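Trainee:
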Amino acid sequence: MSPLADSEPLIQLSAVSKSYGRDGVPVPALRGVDMEVQHGEFTAVMGPSGSGKSTLLHIVGLLDADYEGSYHLDGELTTGRSREELSLLRNRSIGFVFQQFHLLPQLSILENAALPALYSRTLAPAECEERARLRLEEVDLGHRLGHRPNELSSGQRQRAAIARALVNEPPLLLADEPTGALDSKTMREILELFAQLHANGATIVLITHDREVAAAAQRVVHFRDGQTLDGVA
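Numbered by my numbering, the letters in the sequence shown go through residues 162 to 394 in order.
#1: Have a look at Arg-372, Leu-334, Ser-315 and Arg-325 and flag the residue whose alpha-carbon is nearest the alpha-carbon of Thr-344.
#2: Would you mind stating whether Gln-261 and Ala-342 have Cβ atoms separated by less than 8 Å?
#3: Output the distance between the C-alpha atoms of Arg-372 and Arg-349, rounded to the nearest integer angstrom.
#4: Tell me the DSSP secondary structure of Pro-209 in three-state form.
#5: Alpha carbon to alpha carbon, how far is Thr-340 from Met-207? Give it in angstroms, no decimals.
#6: Since Asp-301 and Arg-318 are thought to touch, with beta carbons under 8 Å apart, how far apart are those beta carbons, to the nearest angstrom?
#7: Just how far apart, CA to CA, sit Pro-189 and Ser-178?
#8: Residue ranges of each beta strand (DSSP E) run of no fewer than 3 residues wholly in the region 229–309, ordered along the chain?
#9: Considering only the beta carbon of each residue, do Ala-278 and Asn-329 sit closer than 8 Å?
#10: Spatial neighbours of Met-162 within its chain, please: CB distance less than 6 Å, with the 5 preceding and 5 following residues excluded, ordered by chain position.
#11: Please report how far the alpha carbon of Glu-229 lies from the alpha carbon of Thr-204, in whole angstroms.
#12: Reducing DSSP to helix, strand and coil, say where Glu-330 ends up.
#13: Would you call the CB atoms of His-233 and Asp-225 closer than 8 Å?
#14: Just checking my contact of Ile-323 with Val-258 at CB under 8 Å: how many whole Å lie between their CB atoms?
#15: Hey, which unbroken runs of the beta strand (DSSP E) at 3 residues or more fall wholly within the region 166–208?
#16: Grab me the residues of Ser-180's own chain with a C-beta within less than 7 Å of its C-beta, minus the 5 sequence neighbours each way, in chain order.
#17: Is Ile-270 closer than 8 Å to Arg-296 when the C-beta atoms are compared?
#18: In the DSSP assignment, find the alpha helix (DSSP H) that holds Leu-352 and state where it starts and stops.
#19: Please name the residue, chosen from Val-194, Leu-268, Val-382 and Ser-175, that lies closest to Pro-310 on a Cα-to-Cα basis.
#20: Which one or two residues does DSSP pair with Thr-369 in a beta bridge?
#21: Do you know whose CA, among Glu-246, Leu-313, Asp-195 and Leu-352, lies nearest Ala-377's CA?
#22: DSSP state of Ala-336, grouped into three classes?
#23: Taking just the CA atoms, how far does Gly-256 sit from Tyr-280?
#24: Tell me where the alpha helix (DSSP H) around Leu-217 begins and ends.
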């Protein structure tokens with residue numbers, strides 16, 4: 162994980178705007194957003210449907226390069242990079258956790274968790290598997306390594322997805338409604354896990370519409386109509 166006391170932000174968005182075409186008419190999704198997230202912060206981005214938070218997620222996650230403004234990730238300008246460059250940077254720098262887990266059903270959770278490390282092609286397969294095993298043990302799934310996703314509870318599947326997100330030791334953990342498919346008890350367990358990761362130095366950006374989920378974060382950035390409510394976050 163990146164150190165807490167770093168001189169420049171991990172995430173720095175400057176005047177970021179994004180519009181979508183609808184019947185030939187541009188519809189703004191983001192309107193000149195300025196936003197920073199420091200190393201070691203746990204930030205929730207909260208807003209209703211249509212507020213722009215999903216668009217923000219795609220830009221911060223290097224999934225959408227078609228926008229105005231600039232985005233620096235860990236001091237590195239990402240704006241204007243090629244798709245291949247963004248893919249490599251995304252694999253190295255960002256761990257994703259999604260609402261629906263996105264675990265491959267034909268693979269064990271150990272194999273699932275090892276995938277980002279295998280895609281990076283920087284480690285031997287045995288090293289990728291060992292790193293995945295350690296991450297799964299950290300989220301209390303060391304006794305389930307050979308199980309497939311359909312043999313696990315929803316909370317265990319999300320824990321496996323978090324282990325997968327962490328396997329490359331990325332500086333940023335980006336979570337998109339990570340408790341949306343969970344019951345209230347399991348939701349609290351997953352939020353406790355995020356709190357533990359944050360306490361251990363992880364930088365987390367969590368997208369949510371749920372006030373209870375947002376309250377688990379160190380800081381909440383409110384979005385509405387493609388802008389932060391105070392203009393700068």
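Ideal Cβ placement from N, Cα and C applies to all residues, glycine included. All values derive from a computational prediction rather than experimental measurement.
Mentor: The relevant details are as follows:
#1: One point to set straight first is that residue 344 is Asp, not Thr, in the sequence displayed. With distances taken between Cα atoms, Asp-344 lies closest to Ser-315.
#2: yes
#3: Taking the Cα positions, Arg-372 is about 13 Å away from Arg-349.
#4: Residue state, collapsed to three classes: coil.
#5: 14 Å
#6: That pair is no contact at about 13 Å.
#7: 8 Å
#8: 229–234 and 255–259
#9: yes
#10: Its pLDDT being 42, under 50, Met-162 is placed unreliably in this model, and the coordinates cannot settle the point.
#11: 23 Å
#12: coil
#13: no
#14: Contact between Ile-323 and Val-258 is confirmed by a C-beta separation of about 6 Å, below the 8 Å threshold.
#15: 172–183, 186–198 and 203–207
#16: Pro-187, Val-188, Pro-189 and Ala-190
#17: No, the Cβ-Cβ distance between Arg-296 and Ile-270 is not below 8 Å.
#18: 345–360
#19: Leu-268
#20: Met-207
#21: Ala-377 has its Cα closest to that of Leu-352, out of Glu-246, Leu-313, Asp-195 and Leu-352.
#22: strand
#23: 13 Å
#24: 214–221
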